[in-house]
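Residue numbers (the working numbering): 14 to 181. Notes follow once the structure below has been shown.
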């Protein structure tokens with residue numbers, strides 16, 4: 014008995030069907046894996062969102078945010094006070110600079126008047142010394158004249174009697 018012969022396209026068709034079945038199975042596994050990953054990601058995100066929502070709506074989160082708000086408010090007040098203090102100090106510094114400028118101007122004026130007064134005193138002293146020197150010079154000239162003038166000597170000798178010396 015003769016064995017029936019199978020057409021050759023059956024073998025290749027069967028192989029092709031097997032390959033296609035494996036390909037479909039792989040695609041289905043990939044779709045399932047992708048679906049699984051999407052679902053897993055969705056639940057992770059959902060879990061994260063709900064935990065954050067629970068954390069944010071908790072009393073401790075409220076207290077933390079209120080503390081942070083108070084800290085920021087205090088920092089802002091401190092900054093404003095510091096700025097106001099700086100402005101006051103700036104004003105005081107400007108006032109002090111104006112005062113010092115006026116004092117320096119007054120001091121300069123008083124130094125000028127003092128210098129003028131000293132120069133005046135110096136001039137007065139110099140003229141007084143000059144006057145005194147002139148008087149002394151005149152007196153010395155007068156004394157010299159009295160001593161050396163022949164007419165005056167003659168008159169003087171006539172007025173005073175001669176002293177007699179009894180010495181011998």
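Note that CB positions come from ideal geometry on N, CA and C, so glycine has one too.
Residue i and residue j closer than 8 angstroms at C-beta
| i | j | result |
| --- | --- | --- |
| residue 68 | residue 74 | yes |
| residue 171 | residue 165 | no |
Coil, strand or helix - residue i by DSSP
| i | result |
| --- | --- |
| residue 140 | helix |
| residue 60 | helix |
| residue 162 | coil |
| residue 71 | coil |
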